[in-house]
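In my numbering, the protein residues as written are 1059 to 1563.
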């Protein structure tokens, strides 16, 4: 039993056909010509980039366009994705409405005092106070992060009481993921309701982290495992039986989305539902789909949910003209370097970041940042776009939504791809900073707290936005991709070559 891509006419499950159809459906109402081009794109794995740009530009025309595209994409995905039971497929809506076997719980309690001051690990040190403020200002000055990112971190530091999360319940899907904010949230005393795979190594690490913090970790345990370890422990599982808990903990989001929704629904009062799941290839899209089905089921009878996501910088975004102007100024200042690069532009190298600008229906100018990385593929983009679509639709329906753009980060999924690892190593030559996971997760956790505590944050659906997609740009830390002189893909190969030399140095 599992969430699955639909079967095609040949009875095979095609990730390519499904993704292409969902993106075509998303734009059909707004611009059927784009939908038609998508449906006639034969090699979708290579041809998805131009349609993604067109869809984002169309969504920027009016606030309604952004919501219509998002809702249409989500509706198409829910029509298409299935849940397998043996040889049969049923709809996700049907499986989510059926009661499943309840998931048991054990809560692990931390033993440390809460940290009362924001600190961020960075380049082998932990920054706090004036040093952290200075570094945040440097990131903004260097074009690594947007000014609104700096404002948010400074405001959080001005209000250190915001870091007291002892009153906050956060359900973390993918709690053990490398980009999940679990560690920082526990350090600030949060009550974490953790979901991840039944892998003892993941849970032992999470339990050990929890013990060294003031937070708590609610751990899911399947009924079978609960019965087995109850026998071993004499009928009762104690919160101190850390090793026993780790062996029995975990649940598969693809197999039991309905049961997970019921487990999360046991949280009393307001809570945050954060999706930080990741997997290689098509499984990532399946995880995003499962997470969306879980939220949709909960939202049918609860309005006390705040959604949380991380956006990837390797996507397509409409960006403020301030980014475009700074990028173009950097382009002008290349001097002799630019002259030497000119011949390579015939081969698609060293292209400007913003050759064009776009104007919304009400006359607002903006740029289109295309930082898509072909190696990540359309399944990765579908997974992240499902999250973006849900963020916009949920916020339009009155749900608070914290969606922050995380910088490029040296996660294991990147490092194991030699080409991407090399490109990240050489990215600094083009004004892009690649962050270590510990820094990124701490910063994104801080941004989540800001969004939860600041009543004027973009996460609050009562805060007016010019276009719903402004949610993606406010508070963005893109690592410099938006303000670089160069179109990211046009220097990716060069960065990889430079990175290989730097790695050997």
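Think of the CB as a built atom: it goes at the ideal place given N, C-alpha and C, for glycine as much as any other residue.
query: What residues match up with residue 1425 in a beta bridge as DSSP calls it?
result: 1377
- prompt: If you count every other CB in all the chains shown that lies within 10 Å of the CB of residue 1338, and 16 or more means buried, which is it?
  reply: exposed
message: Since residue 1267 and residue 1241 should fall inside the 8 Å C-beta cutoff, what is the C-beta to C-beta distance between them, to a whole number of angstroms?
response: 5 Å
field: Same chain only: Cβ atoms within 7 Å of residue 1522, ignoring 5 sequence neighbours per side
entry: none
- prompt: Less than 8 Å separating the beta-carbons of residue 1490 and residue 1539?
  reply: yes
message: Please classify residue 1265 as buried or exposed, where buried requires at least 16 neighbouring CB atoms within 10 angstroms.
response: buried
message: Only counting the same chain, and skipping five residues up and downstream in sequence, which positions put a Cβ closer than 6 Å to that of residue 1292?
response: Low confidence applies to residue 1292: its pLDDT is 45, below 50, so where it sits in the model is not reliable, and the reading given next is rough at best. Excluding sequence neighbours, residue 1292 sits near nothing in its chain.
message: I need the DSSP call for residue 1333, collapsed to helix, strand or coil.
response: strand
field: Rounded straight-line distance, which links the Cα of residue 1260 to that of residue 1236
entry: 11 Å
Pick from 1244, 1101, 1203 that is closest to residue 1169, judged by C-alpha positions: 1244
- request: Pair every Cβ in the segment 1093–1103 with every Cβ in the segment 1074–1082, then say whether three or more of these pairs are closer than 8 Å.
  value: yes
task: Find the nearest neighbour of residue 1207 within the set 1379, 1468, 1532, 1366, judged by alpha-carbon distance.
output: 1532
message: In this structure, how does DSSP classify residue 1294 when only helix, strand and coil are distinguished?
response: Because the pLDDT at residue 1294 is just 49, under 50, the model does not fix this residue reliably, and the value given afterwards should be weighed accordingly. The answer is coil: DSSP assigns residue 1294 none of H, G, I, E or B.
Sheet register partners of residue 1467 (DSSP bridge): 1493
- prompt: Cβ of residue 1434 within 7 Å of any heavy atom in the ligand SAH?
  reply: This structure does not include the ligand SAH; it has no bound ligands of any sort.
message: Given this structure, state the Cα-to-Cα distance separating residue 1380 from residue 1369, to the nearest angstrom.
response: 21 Å
- request: Leaving out five residues on either side along the sequence, give the residues of the same chain with a beta carbon under 7 Å from the beta carbon of residue 1163.
  value: 1276, 1277, 1278, 1279
Simplified DSSP state of residue 1581, which is helix, strand or coil: Because residue 1581 is not part of the residues shown, which for the chain are 1059 to 1563, the question remains open.
From 1353, 1340, 1549, residue whose alpha carbon lies closest to that of residue 1132: 1353
query: Ordered along the chain, which non-local residues of its own chain (more than five positions away) have a Cβ less than 7 Å from that of residue 1321?
result: 1161, 1278
field: residue 1278 in three-state terms, based on DSSP
entry: strand
message: By the three-class DSSP mapping on this structure, what secondary structure does residue 1340 have?
response: helix
field: Top-ranked residue by Cα proximity to residue 1088, from 1124, 1418, 1059
entry: 1124
Nonlocal neighbours in the same chain, by C-beta distance under 7 Å from residue 1186, ignoring five residues either side: 1175, 1176, 1177
field: Cβ-based neighbour list, residue 1566, same chain, cut-off 7 Å, excluding 5 preceding and 5 following
entry: Shown here, the chain extends from 1059 to 1563; a query on residue 1566 therefore has no answer.
task: Just tell me which of 1488, 1341, 1527 has its CA closest to the CA of residue 1453.
output: 1527
message: Taking the straight line between their C-alpha atoms, what separation do you get for residue 1359 and residue 1319?
response: 12 Å
message: For a quick check, are the C-beta atoms of residue 1546 and residue 1400 less than 8 Å apart?
response: no
query: When DSSP labels each residue in this structure, what does residue 1137 get in the three-state scheme?
result: helix
query: Would you call residue 1069 buried or exposed, if buried means 16 or more other Cβ atoms sit within 10 Å of its Cβ?
result: exposed
query: Once you ignore the five residues that flank residue 1529 on each side, which residues in its own chain have a CB closer than 6 Å to its CB?
result: 1461, 1516
task: Would you kindly report the start and end of the unbroken beta strand (DSSP E) that includes residue 1179?
output: 1177–1180
- request: Helix, strand or coil for residue 1222, going by three-state DSSP, please let me know.
  value: coil
Contact the segment 1438–1457 vs the segment 1333–1349: 3+ CB pairs below 8 Å: yes
query: Closest to residue 1057 by CA distance: which of 1377, 1362, 1551, 1556 is it?
result: Residue 1057 lies beyond the stretch modelled for the chain, which goes from 1059 to 1563, so this question has no answer here.
- prompt: Is residue 1466 closer than 8 Å to residue 1406 when the C-beta atoms are compared?
  reply: no
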